[in-house]
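Below you'll find the structure, written out as structure tokens, and then a few comments.
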Amino acid sequence: MNEMANIEQAIEMTESKISANKVQVYYGDTHAIKDVDIEIQPRSVTSFIGPSGCGKSTFLRTINRMNDTIDICRVEGSIRIDGEDIYDPKVDPVQLRAKVGMVFQKPNPFPKSIYDNIAYGPRIHGLARNKAELDDIVSSSLQKAGLWEEVKNRLDEPGTGMSGGQQQRLCIARAIAVSPEVILMDEPCSALDPIATAKVEELIDELRENFTIVIVTHSMQQAARVSQRTAFFHLGILVEEGSTQDIFTNPKDKRTQDYITGRFG
Amino acid sequence: MSLFWLILIVLAIAVVGYVLGRARAMSSAGGERSALHSLPSYYGANVAMKAAVPAFLFLIVWLLAQPFYVNSEISAMIPDSAISEGSSRGLVLAEVRRAARGLDNAVASDAITEDFARNARADFNDITARLKEAGQIVTSDITQPVLRAAQRYRVLTAAGNLYMTIAVILVAIVGALWALRETNAQFRARNTVEKGVQAILIAAASIAILTTIGIVLSLVFNTIEFFKLYPAADFFFGVTWSPSFSGRGGSSELGIIPLLWGTFYISFVALAVAVPVGLFAAIYLSEYAGPRVRAVAKPLLEILAGIPTIVYGLFALLTVGPLLLSAFGDNGFGIMKAGTAVMTAGLVMGIMLIPFVSSLSDDIINAVPQAMRDGSYGLGATKSETVKKVILPAALPGIVGAILLAASRAIGETMIVVLGAGAAARLSLNPFEAMTTVTAKIVSQLTGDADFASPVALVAFALGMTLFVVTLGLNIVALYIVRKYREQYD
């Protein structure tokens, strides 16, 4: 019986794309993330929900080691992607971030042309051997991000001149261009209007086929619409994690229930 | 009565007005603070303001207008025959003022009596000798018309000062009374004081602007004066600079090209030093340095900006010059003859400009949103890739602006050039030769005892004007670029 459970767990371990084990994050003296264990499934959308300051963004940023750029931040525990510990000293965080892309809260296209925005990652990683290959990467990334039809005739115009929704999809296309395996999205729609949000959500749903997506969101409706699994964070603790349907219809923890029914947060 | 006492009296009236105004407001409200529209101090301030501000304005206007009036009066007294060959009315008027001041001082030191000063005649009493005995500086013999004018000048000035004192005090008192009359519980003193404060602030801003206009106008008029004496084409396109101070500068060759060449050459060397070093220092400080290093390094770097330029000049003359000479002089490469050279001044000026470039660039790099860095790091870029491909392109317009501002400082720099680059106006490509700049030549043109009406002195204004136009142009371009850059992220 016990053996059975172990085997089951082992199967689950090998299946999950990202597995976090007893992750602690400290900002100086503040203990921001406490004992987080989570398994994230490949080719699916997992959403992190929770009230402001609960640590969901902080945890998201540990997955591609973006927290390394903050001096006072310290991470303990282990996070494995495809079984490899990303906090191992042998791992190059710069290489890791090519594999684990990120889309930010506010669209942040570089003040360059649309083409150069997409070509930025492939260029620094040397993904294209010549101009034709680079052109291919740019057009296929824009196609995957559903932006190609809108911008194909103005690739040399600045990315900063587009609408907010287009800018965010450009940022998603920019992340796709380096062919990551995982895409982390930190409240990607919070700066967008409802129509642009709908487009980005649609895009996230399509991207699920090829990428493992983790999305932090403030909107429970958004989590319900786009994700297959949902994790609820509160005060730096992962309170509950399960299939999105279970979390929203049958939460096991009282705090989760209070949050999704709008009693706090 | 001196101006100092007059100002004190007006201030005293204002203080008394403050106390009275406050008291009157309180009494009109029956001692009840809450019945007043404004706080009691506002009523006092209203009275003080209405006493002092119009009085001081009146005083300033009077002080500006009186010399014009007096000058036109005495100018009319001087016959054309009294103006000698090669002189001008302006010079004679200056002589009149000098004589009048001499008389004043002589009377003050009891060398002559007031009566004598008023009635002396240059043709009977040897007034020049008397003044010299009294220890006054008299440049030439005082002629009868000049003395008559000087005496009239003294009378007019004395009368003017008396009237001015009376009028200013009257204005102050009338202002205070007016303000006291309107003081009652309903009067909106707070709003009035607010308007007064606004007016004072506007006045301060206008003074800055008007002064600039005044400086530019004085440059323009003197430049026009110069071009009457010396052809503009020779000035702008002449390749020889050899002012001749003898014979009223008649045989001078005053071509600006060698000076401009020296200016730009030295500035170029300075920027070639300051821009890379300053920019890289700024990148290190803003992107790589930890908070502790930054807290120490940034103030240290900015100390460089606080060193007076004359100290840099000494550094150029005593340290950098000999050092370069030992390397490139006769014992080294043999292309440098003396310590003073374009390279010496340029290197030291570059060091001076490092903190200027670095602190401006640092601000501009810090203004690039963190989101840009995150975006780049999130795609797997390293720090230097991020700096090179995202931060510098985004900050480039601002950095160009900073460089142009540094360039306009380099062009205007004087002391380092005087001490480090020598005084020879020369058109040469060798950076180890002595050259000079526009600013250094302005100094040498004006520090001699040249006659101010001669082209060798007036050329300083034309040089200054040219320099002003060049740096103004650079500043405008720089500000335009910086502003355009700012709009990008707002």
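Chains A and B, in that order, are what the protein sequence lines are. This note's numbering puts the first residue of the first sequence at 26, with every later residue one more than the last. This note's numbering puts the first residue of the second sequence at 8, with every later residue one more than the last. Where is the CB? At the ideal position from N, CA and C, for every residue including glycine.
9 angstroms Cβ cut-off: residues of chain B touching residue i
| i | result |
| --- | --- |
| residue 145 of chain A | 382, 383, 386, 388, 396 and 397 |
| residue 286 of chain A | Correct list: empty, because the minimum Cβ distance to chain B is about 34 angstroms. |
| residue 120 of chain A | 387 |
| residue 126 of chain A | 385, 386 and 387 |
Residues bridged to residue i [DSSP beta-bridge criterion]
| i | result |
| --- | --- |
| residue 43 of chain A | A:65 and A:106 |
| residue 51 of chain A | A:56 and A:99 |
| residue 248 of chain B | B:261 |
| residue 256 of chain A | A:73 and A:266 |
| residue 298 of chain B | BP columns for residue 298 of chain B are empty, so no partner. |
| residue 237 of chain A | A:207 |
| residue 327 of chain B | Paired residue(s): none; residue 327 of chain B is not in a bridge. |
| residue 215 of chain A | DSSP, once it has assigned bridges, lists no residue as partnering residue 215 of chain A. |
| residue 183 of chain A | A:138 |
| residue 127 of chain A | A:209 |
For residue i, the nearest candidate out of the options (CA to CA)
| i | options | result |
| --- | --- | --- |
| residue 84 of chain A | A:270, A:256 and A:178 | A:256 |
| residue 185 of chain A | A:200, A:177 and A:196 | A:196 |
| residue 373 of chain B | B:392, B:403 and B:359 | B:403 |
| residue 70 of chain A | A:219, A:245, A:288 and A:237 | A:237 |
| residue 390 of chain B | B:295, B:120, B:287 and B:152 | B:295 |
| residue 127 of chain A | A:262, A:240, A:151 and A:100 | A:240 |
| residue 108 of chain A | A:100, A:65, A:188 and A:75 | A:65 |
| residue 244 of chain A | A:131, A:214, A:253 and A:271 | A:214 |
| residue 329 of chain B | B:289, B:307, B:428 and B:251 | B:428 |
| residue 9 of chain B | B:96, B:229, B:189 and B:70 | B:70 |
| residue 489 of chain B | B:235, B:104 and B:406 | B:406 |
| residue 306 of chain B | B:190, B:20, B:289 and B:320 | B:289 |
| residue 394 of chain B | B:449, B:287 and B:465 | B:287 |
| residue 270 of chain A | A:212, A:43 and A:250 | A:250 |
| residue 166 of chain B | B:222, B:74, B:137 and B:191 | B:74 |
| residue 101 of chain B | B:119, B:77 and B:123 | B:77 |
| residue 223 of chain A | A:167, A:119, A:102 and A:191 | A:191 |
| residue 50 of chain A | A:267, A:273, A:193 and A:262 | A:262 |
| residue 211 of chain A | A:139, A:63, A:133 and A:111 | A:133 |
| residue 498 of chain B | B:326, B:370 and B:364 | The structure shown does not extend to residue 498 of chain B, since chain B spans only 8 to 497, so no value can be given for it. |
| residue 367 of chain B | B:239, B:400 and B:309 | B:309 |
Contacts of residue i in chain A (Cβ-Cβ under 7 angstroms)
| i | result |
| --- | --- |
| residue 378 of chain B | 129, 131 and 133 |
| residue 420 of chain B | Per Cβ cutoff of 7 angstroms: no residues; residue 420 of chain B is ~34 angstroms from chain A at best. |
| residue 392 of chain B | 149 |
| residue 297 of chain B | 96 |
Distance between beta carbons of residue j and residue i, contact taken as under 8 angstroms
| i | j | result |
| --- | --- | --- |
| residue 146 of chain A | residue 228 of chain A | Actually they are not in contact, since the Cβ atoms of residue 146 of chain A and residue 228 of chain A sit about 18 angstroms apart, beyond 8 angstroms. |
| residue 121 of chain A | residue 92 of chain A | Wrong, their Cβ atoms sit about 12 angstroms apart, outside the cutoff. |
| residue 259 of chain A | residue 79 of chain A | 5 angstroms |
| residue 30 of chain B | residue 81 of chain B | So it is not a contact: roughly 49 angstroms between Cβ atoms. |
| residue 106 of chain B | residue 154 of chain B | 6 angstroms |
| residue 426 of chain B | residue 281 of chain B | So it is not a contact: roughly 19 angstroms between Cβ atoms. |
| residue 423 of chain B | residue 359 of chain B | 7 angstroms |
| residue 142 of chain A | residue 199 of chain A | 5 angstroms |
Neighbour list for residue i in chain A, Cβ cutoff strictly below 8 angstroms
| i | result |
| --- | --- |
| residue 374 of chain B | By Cβ distance, chain A contributes nothing, its closest Cβ being about 12 angstroms from residue 374 of chain B, past 8 angstroms. |
| residue 405 of chain B | Going along chain A, no residue has its Cβ under 8 angstroms from residue 405 of chain B, so there is no contact; the nearest lies around 12 angstroms. |
| residue 401 of chain B | 135 and 136 |
Closer than 8 angstroms at the beta carbon, the chain B residues around residue i
| i | result |
| --- | --- |
| residue 89 of chain A | 385 |
| residue 199 of chain A | 382 and 386 |
| residue 123 of chain A | 386 and 387 |
| residue 196 of chain A | 382 |
| residue 203 of chain A | 386 and 387 |
Exercise for the section: Taking 8 angstroms as the threshold, find out whether the region 43-54 of chain A comes into contact with the region 337-348 of chain B through three or more Cβ pairs. Expected result: Too few Cβ pairs lie closer than 8 angstroms, so no.
Practice task
Would you check if there are 3 or more beta carbon pairs closer than 8 angstroms linking the region 196-210 of chain B to the region 44-53 of chain B?
Solution key: Taking 8 angstroms as the limit for Cβ pairs, the verdict is that the region 44-53 of chain B does touch the region 196-210 of chain B.
Exercise for the section: Determine contact between the region 278-287 of chain A and the region 159-167 of chain B, defined as no fewer than three beta-carbon pairs at a distance below 8 angstroms. Expected result: Touching, no.
Handout entry: Stretch-stretch touch, CB-based, cutoff 8 angstroms, three pairs: the region 235-245 of chain B with the region 374-387 of chain B
Key = Too few Cβ pairs lie closer than 8 angstroms, so no.
Exercise for the section: Tell me, please, whether the region 406-419 of chain B touches the region 476-489 of chain B by the rule of three or more beta-carbon pairs shorter than 8 angstroms. Expected result: Judged by Cβ distances under 8 angstroms, the region 406-419 of chain B makes contact with the region 476-489 of chain B, as three or more pairs qualify.
Practice task
Spell out a yes or no on whether the region 48-65 of chain B and the region 177-184 of chain B are touching, meaning 3 or more CB-CB pairs, one atom from each, closer than 8 angstroms.
Solution key: Here the region 48-65 of chain B makes contact with the region 177-184 of chain B; the two share three or more CB pairs at distances below 8 angstroms.
Exercise for the section: Check whether the region 427-445 of chain B touches the region 225-242 of chain B, counting contact only when three or more Cβ pairs, one atom from each stretch, lie closer than 8 angstroms. Expected result: Contact fails: fewer than three Cβ-Cβ distances are below 8 angstroms.
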